[in-house]
Each structure stands twice: as C-alpha cells, then as structure tokens.
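Below is one structure, written out as structure tokens, with a few remarks after it.
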Amino acid sequence: MEQMIQFDWNNPSEKFLQESIVIPGEVSRLLLVGKFTKGNRCMGAIIAEDPEGKIRLQRFLSFGELKMGISNRPEETSPGAVMGEIQAGVWKFTLVFFTDQNIRFELKISEESEILPETLTGGSWVDKDLVLSKERYSFQKMYQSENRWYKGDFHTHTRLSDGKETLEGVMKKAVDMKMDFYTPTEHNVIHTGWCKTPLLILPGIEITTEKGHMNLIGITKMPEKVKNLVTTTDENEIENYMQQTIEEGTRNGWITSINHPFLTVWKWNYGVTQLSSIDCLEIINDPTYPYAAKANEKALNFWNELWNDGHKIWGIGGSDSHNLIEERYEGADHPSIAADPATFVFCNGLSPENLVKGVKNGNICVSRFCRIEPEIIIDGKPYFPGDEIPKTTKEIQYSAYVLETQMEPEVSIIVDGEKKNVEIKQIGQESYKVETNVCIQTEDWHWIRLEVRSKEQQLLGFTNPIYTGEKKSKYRTYGEILKEVEKRI
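According to numbering that gives the first Met the number 0, numbering within the sequence shown proceeds without interruption in unit steps and concludes at 488.
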C-alpha cells in the first residue's frame, strides 16, 4: 500500500487544509514521509485522524527529518503518535500552516518498515483518545525518595513542535545539567510517550494563540479545545476557547501558568483572565533571548503588584529552550538550554503527584548560575517558600544559602513589595549565606521573599513568598490590575 497526498497552500486567509485517503484492512503500520516541493520549509503542523475520528498523530513540520510512524509497536511509533492498530477505512490528514508564502507539501503514506529518526523507546503514555493511561503513566510513581529541593524546568521544546532537539538530545543535556525532572511543553501538541531516561517527565502543553501563551503542566489528557483554538479564526471564539481551556485546567487540578507575560508579541493579552484561576506566573523566561531581560523585570514587578493585591500566584521559571547547544541568540553569552533558569521544587520524595503538589503549594525557588536554599524559622518551627505562617508571628528568622555560584551575589529581602539589601557572607569557594530577621507589627496581610542578583544587578533568582493574614483583592482579572499598575511596572 502506498498513497500520496498533495497540499497546496496559496491562500493565507485559510486556517488549514484537509485531505483523506482510504486505508485497506491488511495494513499493520503506517509510514508517513513528508517534503516541501514548492516554497521554503516553514512553520506548520500535521494531524492524522483514524476512521473513528481519533487523533493518531500530531507533529510540527519545523525541524528534523519528516519521517513519522504509527504502529502498535513502540519501535515503529514516533513521538506525538498514538500506538495501536491501523483500522481500515477513511483516514483524515489536516495541515495547519503559519505563513503567507505559497507552498506545496507532499505526504507519502505507506506500510513500509523503515528506521525512524525518533521512537517511543520509553513506551507510550496515552490511549487512543489522547488520555494518559493509568497503567502506563503513574502520578504516584516515586523516582527519588529524599525530602529535598528537586531541580527541573517547566517550559521546554523538542522537534515535536518548534524545537530543534530530539528527545534523546534534550535528555542528555538534562542529565548534564543535573536535572531531576523535565516538562515538555510543545505548542498545541502533546507528547504521547518518551525515550528511556532516569528523569521524571511531567507531561505538559503550551497553549499557544496570537494573544498569548500559557502552560498547562501535569496534564492527564489533551485539553479539549486545542483543535478549536488551532483551526478557528474568529477572535471572540478564540478568547472563549482559551477561557474554557483555563477552566478545564483548574477543574482537573493541572498547573496553570502564564508564560512570558510581557515578552514583545508573545505577551499575555487575555485581560478577562480570572486571577483566581492562575497558579503561576513565569518570571524568568529564556534569559538569553535578546528582549528577555526587560520583559522579565517587568514580570517581576507585576508579580509584586499581584501579591500586594492579595493574589497568591507563584513565581516560576522556564528556559523556553528551542535551540541546539552550539547556537546563540545574537549578542548572547550563553546558549538557551534547559535549566537556565532552573526551577527548584521542595518535595517529600519525587513523584509526579508530589511535584504538582509542591508547585501548587508554592514551595518553589528559581535561579540561574546558582542554587538557592532558604531556611525559614518561626518560633523554632521550619517553613518553606509558599507556606502560610501564623497570624501571631512577630519575628521571622530568614536565612538562605546561595550555592554553586562563580559570581559574588547580592541578596535583598522583599517585604510587602519593599526591598532591602541584606548582608551576605562567603562560607566557601562557591558558597554564600545570608541571615536576617524580619519583624511584623500587625496581623494584616504580609508577604516576604528573597531576591538574588549579581553585582551588575542581573537577576539570578528568587524565592516564593511566605505570607500571613488575608487581603480582599481589589482586582479580579488580569486586565483590571494590569491597567492600574502598568505605569509603575
């Protein structure tokens, strides 16, 4: 069996193209080989659906060899493909392009057996309806048993969307960076499995529209409205689908995180977003990107304003890494690589369930070129970033270690948005310690966190706040508070 589909894209007003073929009953596998035969290779995505209307393959066409497989065997199944039988009947293929050039894309579909550039060597996670199988992905699986800070990255990309690295490639880098967990967040597509790795892989997705990007982390299935978001052109409908997606994430206990909220054309423009439905705000996003420093500082200041208004939204980091390690953005001194920045989450043993719980609780520190380990003591009892402290608290002993750094840091403590530098002492070759006491005069709303910078005031990291009391928020939506504070940030 061999069939060819030709897609001609010459109308930028169209959102997608669709073609169908009939698969005979004797086929045991599908090999899909694509190539651009007119125009330049460009950003686009392919979706394959079986006769039952189930998605069996989703993948971007940006980078890597366009040779993909669908089978009931993992060694014949590509990332983004769903393992299982190849049903006889009408298969539908949808192409979505993000370009205004005229192009022609040809897709050859056969049952040939060839070595694929990437396969699910670590096994498949999902069933045919793109729901994580409880038998093949356990949120209770314990990867490490220690109670400690675990290092990882909550915003990354591979060739499944617009990244340049293979799964094996990003895993090698992750091990080199001494990471414990890794979250792949592809644009509007999800991973259906992974390669063999010792790391905890926490499934995620980057919901991507022209009005902003957000990560859903710890997902248990493909979000219901993703296909609608991809194929719809009406702005009001897109905004409605985005809101439904956020509500779905909240309903299912997924982590909802707004990405790079002030980064040029990718900033968050969904002003109707209910702040109560957002868990995290990405503060440090890909710091090697040319416009990132200014956008990250704006995100940091906006985060302060959110906390001053009583919103317990946690600060998070994400490398947003797309490139090969030998690449640099123009003017950058360092590559864009996973774990720059690193997000550390305190867990009582590392499992997907505990990792999600740690983020939901705000037990988070974010850093680059160093590691931050806070020690917070109140009346002889230890607390972690993200913890609520007693209303009767009068004094907080706030200590922190800044470790594994080759530059002398400066540390500030931020109390209710007011910053004060604190003395830091070197205790080893690449180790520093800060100790300070914070006095609280009232039982009202208060929040306290640390911030670490270089001598040149480059942001190196932060802890999430501890807090006490309650505050009735003045603003309910992202747009309301942004309108009020944007002059100050």
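The C-beta atom is built at its ideal place from N, Cα and C for all residues, glycine as well.
Note that the structure is a prediction, hence the values are computed from the model and not measured.
For Ser398, the pairing in a beta bridge is given by DSSP as Glu374 and Glu434. Per DSSP, the continuous alpha helix (DSSP H) segment holding Tyr477 begins and ends at Tyr477 to Val484. When the Cα atoms are used, Glu113 and Val32 turn out to be separated by approximately 11 Å.
For Ser256, the closest C-alpha among the options Glu387, Asn284, Cys41 and Asn39 is that of Asn284. Pairing Ala47 with Arg55 gives a Cβ-Cβ distance under 8 Å. Going by DSSP, Glu167 is part of no beta strand (DSSP E) but of the alpha helix (DSSP H) stretching over Leu166 to Asp175. Short of 8 Å from the beta carbon of His445, and not among the five residues preceding or following it, lie these beta carbons of its own chain, in chain order: Val414, Asp415, Ile439, Tyr466, Thr467 and Gly468.
Around the beta-carbon of Gly151, 16 or more other beta-carbon atoms lie within 10 Å, marking it buried. Per DSSP, Asn9 lies in no alpha helix (DSSP H) and is assigned neither H nor E.
Where Leu215 is concerned, the enclosing beta strand (DSSP E) starts and stops at Gly211 to Ile216. Per DSSP, Val421 is one residue of the beta strand (DSSP E) stretching across Glu417 to Val421. For Val130, the secondary structure class from DSSP, reduced to helix, strand or coil, is strand. The three-state secondary structure of Ser144, taken from DSSP, is strand. A residue is called buried when at least 16 other Cβ atoms come within 10 angstroms of its Cβ; Asn303 meets this threshold and is buried.
The beta carbon of Glu238 sits closer than 8 Å to the beta carbons of Lys210, Tyr269 and Val271 from its chain, once the five residues preceding and following it are set aside; these are given in chain order.
CA-CA distance, Gln457 to Lys424, rounds to 19 Å. Boundaries cannot be given for Met42, as no beta strand (DSSP E) includes it and DSSP labels it neither H nor E.
Inside the stretch 235-292, DSSP marks no whole alpha helix (DSSP H) run of 4 or more residues. Listed in chain order, the beta strand (DSSP E) runs fully inside the stretch 321-378 are 341-349, 363-366 and 370-377, counting runs of at least 3 residues.
Burial is judged here by how many other beta carbons sit within 10 angstroms of a residue's own beta carbon; Glu13 has fewer than 16 and is exposed.
In the assembly as shown, Met141 is an exposed residue. Its beta-carbon has fewer than 16 other beta-carbons within 10 Å. Counting every other CB atom within 10 Å of its CB across the protein chains shown gives His156 a total of 16 or more, marking it as buried. Per DSSP, Lys91 is one residue of the beta strand (DSSP E) stretching across Gly88 to Phe96. Shown here, Phe153 sits in a strand according to DSSP, grouped into three states.
Val264 sits exposed, since fewer than 16 C-beta atoms from the chains shown fall within 10 Å of its C-beta.
In this structure Glu167 is exposed. Its beta-carbon is surrounded by fewer than 16 other beta-carbon atoms within 10 angstroms. Contact between Arg367 and Ala341 holds, since their C-beta atoms are separated by about 7 Å, short of 8 Å.
The straight-line gap separating the alpha-carbon atoms of Ser144 and Leu459 is approximately 29 Å.
Setting aside the 5 residues that flank it on each side, Leu299 is surrounded in the same chain by Ile282, each with a C-beta closer than 6 Å to its C-beta; the list follows chain order.
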